[in-house]
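Next up, the structure:
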């Protein structure tokens, strides 16, 4: 396990969630919304959405960061997540949703991300997202995808290869390396339903 993988823990602690915490009332929703920025984003399908209200609220989700021209971890990460999507089957887009957010919004327009998604055989229920640079940075930092070394953190080619996954309705979150065995990652995501632990 390298240093970038080890930082997966930060992706959970940064949004202040615990694996067993449950919150269902309006107050808990407001608190979660304050932790998870409600910034506007554009999908690879050309739609404008709000991060929390439209993508996260009440849902089981996966979130990772990438960019289309990345030649380091991104191709393997996207390929692995494609296998996770297949393992989860038709639940993706119905009650589980996958989100990949670009680190280079100035390059990755909806059209570029749409081409990237098509190249990787992405199915419905998995959105690639772009937006304004400052909004993307706010998301990245608030979700905990940050390296403590400022020089490393500023280098997108060394970005953290982690997938954050969780259930907003239960306020239950965790993270794992992006290259985790896809069948195992699918089990972890399903565990977020609160019914059973992965076996």
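Numbering (the numbering used here), first residue to last: 409 to 607.
Backbone N, C-alpha and C define an ideal beta-carbon position, used for all residues, glycine too.
Residue nearest to residue i in terms of C-alpha spacing, selected from the options
i: residue 584; options: 485, 444 and 502; result: 485
i: residue 547; options: 509, 574, 562 and 498; result: 509
i: residue 545; options: 562, 557, 531 and 532; result: 562
i: residue 446; options: 461, 542, 514 and 511; result: 461
i: residue 466; options: 456, 505 and 499; result: 505
Distance, residue j Cα to residue i Cα
i: residue 458; j: residue 555; result: 26 Å
i: residue 529; j: residue 571; result: 19 Å
i: residue 582; j: residue 596; result: 9 Å
i: residue 517; j: residue 525; result: 12 Å
i: residue 560; j: residue 482; result: 17 Å
i: residue 579; j: residue 474; result: 25 Å
i: residue 575; j: residue 471; result: 12 Å
i: residue 600; j: residue 553; result: 20 Å
i: residue 540; j: residue 478; result: 19 Å
i: residue 602; j: residue 594; result: 14 Å
i: residue 499; j: residue 557; result: 38 Å
i: residue 567; j: residue 512; result: 11 Å
Cβ pair residue i, residue j closer than 8 Å
i: residue 687; j: residue 537; result: Within the shown structure, residues of the chain are numbered from 409 to 607, placing residue 687 beyond reach of any answer.
i: residue 520; j: residue 476; result: yes
i: residue 468; j: residue 503; result: yes
i: residue 452; j: residue 522; result: yes
i: residue 501; j: residue 533; result: yes
Close beta carbons around residue i, own chain, < 6 Å, minus the five adjacent residues each side
i: residue 590; result: 488, 491, 492 and 495
i: residue 543; result: 447
Rounded Cβ spacing between residue i and residue j (contact assumed at less than 8 Å)
i: residue 535; j: residue 507; result: 5 Å
Residues near residue i in its chain [Cβ-Cβ closer than 8 Å; skip 5 each side]
i: residue 587; result: 481, 484, 485, 488 and 569
i: residue 514; result: 541
Other residues of its chain near residue i: CB distance less than 7 Å, five sequence neighbours each side excluded
i: residue 456; result: 448 and 450
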